[in-house]
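Enquirer: In order, the protein sequences belong to chains A and B.
The first sequence begins at 0 in numbering that gives the first Met the number 0 and counts up by one.
The second sequence begins at 0 in numbering that gives the first Met the number 0 and counts up by one.
Beta carbons are placed, not taken as given, at the ideal position from N, Cα and C, and that holds for glycine.
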Amino acid sequence: MTPTNCENNATLNKCSQCATRVILWSIAGNMFLSFVKLLSGALCHSSGLMADGIQSFSCVIGCVVIFCSLRISRKERDEGFPYGYGKVEFIVALVVFSILFSLGIVMCASSILLILRRETSQPGIIALPVALLSVALNFQMYKYSLCAGKKLESAGMTANAYQNKADMISSYGVCAGIILSQFGDGFAIFDLLAAFFVGVIVIKDAFHHWVINMRVLLDTAPESDYLEKIGDIVSEVVPDQPVGSIRIRRTGRRFWLGIGIHLPDNDNIEKMDASTSEIRSLLHSRMNWIDTVDFFLDPSI
Amino acid sequence: MNHARTQEAHVERREVEILYRYLVFFACLFIVKVSFGFISGSRTLLVAGILALFGILISTIALLRFNNATTMGARKKDFSYGKLEFFIVLFISLIIVISAITAFYYSVHLILNHTLYPPDITAGWVAAGIAASIWGILHASEGEMPSSTRKEIEEVISLLRRDIAVSIMTVVAVVLSRTGLAAIDYVMAIAEAVFIIALSVNFLHKSLWGLLDASCDAAILVEVSDYLKRAQQGLDLDELRVTRVGGNHEIVAIVKLPQQAKMDEAKDIAAKIRATLKNKFHNPHEVHVGFKGLQK
Chain A
0 MTPTNCENNA
10 TLNKCSQCAT
20 RVILWSIAGN
30 MFLSFVKLLS
40 GALCHSSGLM
50 ADGIQSFSCV
60 IGCVVIFCSL
70 RISRKERDEG
80 FPYGYGKVEF
90 IVALVVFSIL
100 FSLGIVMCAS
110 SILLILRRET
120 SQPGIIALPV
130 ALLSVALNFQ
140 MYKYSLCAGK
150 KLESAGMTAN
160 AYQNKADMIS
170 SYGVCAGIIL
180 SQFGDGFAIF
190 DLLAAFFVGV
200 IVIKDAFHHW
210 VINMRVLLDT
220 APESDYLEKI
230 GDIVSEVVPD
240 QPVGSIRIRR
250 TGRRFWLGIG
260 IHLPDNDNIE
270 KMDASTSEIR
280 SLLHSRMNWI
290 DTVDFFLDPS
300 I
Chain B
0 MNHARTQEAH
10 VERREVEILY
20 RYLVFFACLF
30 IVKVSFGFIS
40 GSRTLLVAGI
50 LALFGILIST
60 IALLRFNNAT
70 TMGARKKDFS
80 YGKLEFFIVL
90 FISLIIVISA
100 ITAFYYSVHL
110 ILNHTLYPPD
120 ITAGWVAAGI
130 AASIWGILHA
140 SEGEMPSSTR
150 KEIEEVISLL
160 RRDIAVSIMT
170 VVAVVLSRTG
180 LAAIDYVMAI
190 AEAVFIIALS
200 VNFLHKSLWG
210 LLDASCDAAI
220 LVEVSDYLKR
230 AQQGLDLDEL
240 RVTRVGGNHE
250 IVAIVKLPQQ
260 AKMDEAKDIA
270 AKIRATLKNK
280 FHNPHEVHVG
290 FKGLQK
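#1: In the region 265-292 of chain B, which residues sit with their C-beta less than 8 Å from some C-beta in chain A, listed in chain order?
#2: Rounded C-beta distance between Gly257(A) and Arg246(A)? I'm assuming under 8 Å.
#3: Please list the partners that Val251(B) has in chain C, where partner means a Cβ-to-Cβ separation under 9 Å.
#4: Give a yes or no on contact between the region 48-66 of chain B and the region 88-96 of chain B, applying the rule of three or more CB pairs nearer than 8 Å.
#5: Indicate whether Ala99(B) and Val46(B) have their beta-carbon atoms separated by less than 9 Å.
#6: With 8 Å as the limit, tell me which residues of the region 80-103 of chain A have their beta carbon closer than that to any beta carbon of chain B; keep them in chain order.
#7: Below 8 Å, can you find three or more Cβ-Cβ pairs linking the region 52-60 of chain A to the region 22-35 of chain A?
#8: Please name the residues in the region 200-217 of chain B whose beta-carbon is closer than 8 Å to at least one beta-carbon of chain A, in chain order.
#9: Just list the alpha helix (DSSP H) runs in the region 221-291 of chain A, keeping only unbroken ones of 4 residues or longer that don't cross its boundaries, in chain order.
#10: Looking at chain A, is there any beta carbon in it that lies within less than 9 Å of the beta carbon of Lys75(B)?
#11: Is the Cβ-Cβ distance between Leu48(A) and Ala108(A) less than 9 Å?
#12: Examine chain A for any beta-carbon lying closer than 9 Å to the beta-carbon of Arg240(B), and answer yes or no.
#13: Going along chain A in order, which residues have a C-beta closer than 8 Å to the C-beta of Leu256(B)?
#14: Under 7 Å Cβ-Cβ, which residues of chain A neighbour Leu83(B)?
#15: What residue range is occupied by the uninterrupted beta strand (DSSP E) comprising Arg240(B)?
#16: Please name the residue or residues paired with His287(B) in a DSSP beta bridge.
#17: For Asp225(B), which three-state DSSP category applies?
#18: If you count every other CB in all the chains shown that lies within 10 Å of the CB of Tyr19(B), and 16 or more means buried, which is it?
#19: For chain B, find out if any of its Cβ atoms is closer than 9 Å to the Cβ of Leu282(A); answer yes or no.
#20: Just to confirm the assignment, what range does the alpha helix (DSSP H) spanning Arg117(A) have?
#21: Spatial neighbours of Lys86(A) within its chain, please: CB distance less than 8 Å, with the 5 preceding and 5 following residues excluded, ordered by chain position.
#22: Residues bridged to Gly172(A) by DSSP?
#23: Would you verify that the beta carbon of Ile278(A) is, or is not, closer than 9 Å to some beta carbon of chain B?
#24: Look at the alpha carbon of Ser180(A) and the alpha carbon of Lys82(B), and state the distance between them as a whole number of angstroms.
#25: Determine, for Lys228(B), whether the minimum Cβ-Cβ distance to residues of chain A falls below 9 Å.
#26: Apart from the five residues just before and just after Ile129(B), which ones in its own chain have a Cβ nearer than 6 Å to its Cβ?
#27: Keeping to the same chain, check which residues put their C-beta closer than 6 Å to that of Thr43(B); ignore five residues upstream and five downstream.
#28: Please state whether DSSP places Leu52(B) in a helix, a strand or coil.
#29: How should Leu23(A) be labelled, buried or exposed, when 16 other C-beta atoms within 10 angstroms of its C-beta is the threshold for buried?
#30: What are the boundary residues of the alpha helix (DSSP H) that includes Gln139(A)?
#31: Who are the Cβ neighbours of Leu256(B) in its own chain at under 8 Å, not counting the five residues just before and after it?
#32: From this set, Asp264(A), Asn163(A), Trp255(A), Leu281(A), which residue's C-alpha is nearest Ile232(A)'s C-alpha?
#33: Measure how close the beta-carbons of Glu88(A) and Ser25(A) come, nearest whole angstrom, since I'm counting them as under 8 Å.
#34: Name, please, each residue of chain A whose Cβ falls closer than 8 Å to the Cβ of Asp263(B).
#35: In this structure, does DSSP put Phe294(A) in helix, strand or coil?
#36: Just to check my reading of the structure: Val254(B) and Val288(B) have Cβ atoms closer than 8 Å, yes? What is that Cβ distance to the nearest angstrom?
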């Protein structure tokens, strides 16, 4: 978990609107691709293209779910969810990457099986423009989704980006298979090898992001540098006082912070309020990835 | 004091042994039911095997909680590994619900297509044997159960009792199916699948809500708040958050005090709140107490 400073509010608003447009275009784009691929695959007898069409359809479902999660995660915190709804995105992202992981395994396993059984097919060259169209469209959707995901630190948009990337690289595999299979029966095996390598790339990407999202949901502590910097800021305001435990928990794009403090016995609550307000201001100004800060009396000090 | 601690450690060891035994037993139940379900063609027995997965899940969670409790002190940096429990519950519940939905779908499909075959009588004997062995294990465990049994062990025992009922249902389904009512086996399987789906949805809901840091029920919040106010007269709670972290609770209490109140008074109040909540929740928990000045 790497907290990073967010963009300013004007940029964030622009990015939020862009993210909504990107996801709606992703839904429309994937529906169009799914229809075209399934139709072309049936006409050209290309099993690779038909499988690709089914994958695009699953992307539509993924995009719809991600869109809903983005709306839910923006809700304000309430009594039922005192830390907000931000983690909904991470759960949805986890599900999407789990599906992509399974898809990668299925792609690898089926291509190995077909290679071992020597079951190769020779798809028509007419399927090639469809596969190229899929590569181009998916690349655009991947690029814009990833941009929105990075700017907004949004797990849902990142998951959507990698969904489109998986579709893009599997379409690359279909293109390679179609082109190579035109050179003769002996080259048809490259179609299956391409599917295998596509599966490996999908597995690698999915696993990497699955672990990132799982660590967020497990509230794994960040690197100790961040904790030291926070401790230094606290010490600036209340020097000569030990800093207790610091807890960081992700609440969506930003983080909740719980800081254990210690103040001299003869200080009063008014002084404590003033110190904690000052610490909050300093933290928010230097680390705008922090959402809420709570202060506790740490019994271990 | 030392004698009480030795007694407690002994009870814990006994509880861990019992849980491991149940875990192994449920794993064997799962294998036996699924294998004989396939061999005999009994849908009811096959679906009952999925129910045994719940036993594996609950026993695993209980053992994880024991492990977490003993090592919690070493994990100050993170929010402990309590949330790992939610992941395990989510993952296993998803497997269970997908299996149950698949079983439900195929049973309905076969009924609608009139492709009904009565199961082999072996299924009835296996189910009867399972019911008898569970009864035997429960009867034998009664004597060696520690006096203060944990909630998790009680849940496992309740599941075992339910399994006896399911096994008897399986015997009835097999016998009736072999008398010409072949659909009974499929209908019983559908009923079991629906029950399993309802149970899994409950587990899924709890684990998802836990991962989302949802608050405990409003009733628990009111109970904790009242408990604190009774234990500490005149306590003015600004905010109270109670969330689950696996089997434990994380409690955040923000107390309002007059602006001129001293920090030593605040520390005393914080210590009393921690002690009060330790009495209320016997399992380990994290309590954070903060203060806020009353506005003039």
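Expert: A quick look at the data gives this:
#1: Per Cβ criterion, the list reads Ala265, Lys266, Ala269, Ala270, Arg273, His287, Val288, Gly289, Phe290, Lys291, Gly292.
#2: So it is a contact: roughly 4 Å between Cβ atoms.
#3: Included in the structure are the protein chains A and B, with no chain C among them.
#4: The answer is yes - the region 88-96 of chain B touches the region 48-66 of chain B, with three or more Cβ pairs under 8 Å.
#5: The answer is yes: Cβ separation under 9 Å.
#6: Residues of the region 80-103 of chain A that bring their beta carbon within less than 8 Å of a beta carbon in chain B comprise Phe80, Pro81, Tyr82, Tyr84, Lys86, Val87, Ile90, in sequence order.
#7: Taking 8 Å as the limit for Cβ pairs, the verdict is that the region 22-35 of chain A does touch the region 52-60 of chain A.
#8: From the region 200-217 of chain B, only Leu207, Leu210, Leu211, Asp212, Ala213, Ser214, Ala217 have a Cβ closer than 8 Å to chain A.
#9: Within the region 221-291 of chain A, the complete alpha helix (DSSP H) runs of at least 4 residues are 223-236, 268-285.
#10: Because Lys75(B) sits at a pLDDT of 42, beneath the cut-off of 50, its placement in the model cannot be relied upon, and the following sentence gives the value as read from the coordinates. Chain A contact via Cβ: present.
#11: Cβ atoms of Leu48(A) and Ala108(A): not closer than 9 Å.
#12: Yes - at least one Cβ of chain A is within 9 Å of the one on Arg240(B).
#13: Going along chain A in sequence order, the residues near Leu256(B) (Cβ under 8 Å) are Ile268.
#14: Neighbours of Leu83(B) on chain A, chain order: Leu217.
#15: Unbroken beta strand (DSSP E) run through Arg240(B): 236-244.
#16: Answer by DSSP bridge pairing, in chain order: Val251(B).
#17: Reduced to three states, the DSSP call for Asp225(B) is helix.
#18: Residue burial annotation: Tyr19(B) is exposed, with fewer than 16 other C-beta atoms found within 10 angstroms of its C-beta.
#19: With 9 Å as the cut-off, Leu282(A) does not count as an interface residue toward chain B.
#20: Counting along the chain, Arg117(A) falls outside any alpha helix (DSSP H), and DSSP gives it neither H nor E.
#21: Excluding sequence positions up to five before and after Lys86(A), its CB lies within less than 8 Å of the CB of Ser72, Val215, Leu216, Arg249, Thr250, Gly251, all in the same chain and listed in chain order.
#22: Beta-bridge pairing by DSSP links Gly172(A) to no other residue.
#23: Taking a beta-carbon distance threshold of 9 Å, Ile278(A) does not count as an interface residue toward chain B.
#24: Cα to Cα, the separation comes out at about 50 Å.
#25: Not closer than 9 Å to any Cβ of chain A, the Cβ of Lys228(B) fails to qualify, so no.
#26: Within its own chain, the residues whose Cβ lies closer than 6 Å to the Cβ of Ile129(B), once the five positions on either side in sequence are excluded, are Ser166, listed in chain order.
#27: Within its own chain, the residues whose Cβ lies closer than 6 Å to the Cβ of Thr43(B), once the five positions on either side in sequence are excluded, are Thr169, Ala172, Asp184, Met187, Ala188, listed in chain order.
#28: Leu52(B) falls in the helix class under three-state DSSP.
#29: By the neighbour-count definition (other C-beta atoms within 10 Å, threshold 16), Leu23(A) is an exposed residue.
#30: Counting along the chain, Gln139(A) sits inside the alpha helix (DSSP H) bounded by residues 126-151.
#31: If the five residues before and after Leu256(B) are omitted, its C-beta is found closer than 8 Å to the C-beta atoms of Asp235, Glu264, Ala265, Ile268, Phe290, Lys291, Gly292, Leu293, all from its own chain and listed in chain order.
#32: Comparing Cα positions, the closest option is Leu281(A).
#33: 15 Å between Cβ atoms; not a contact.
#34: In chain order: Asp264, Asn265.
#35: In the structure shown, the three-state DSSP call for Phe294(A) is strand.
#36: Contact between Val254(B) and Val288(B) holds: their C-beta atoms lie close to 7 Å from each other, under 8 Å.
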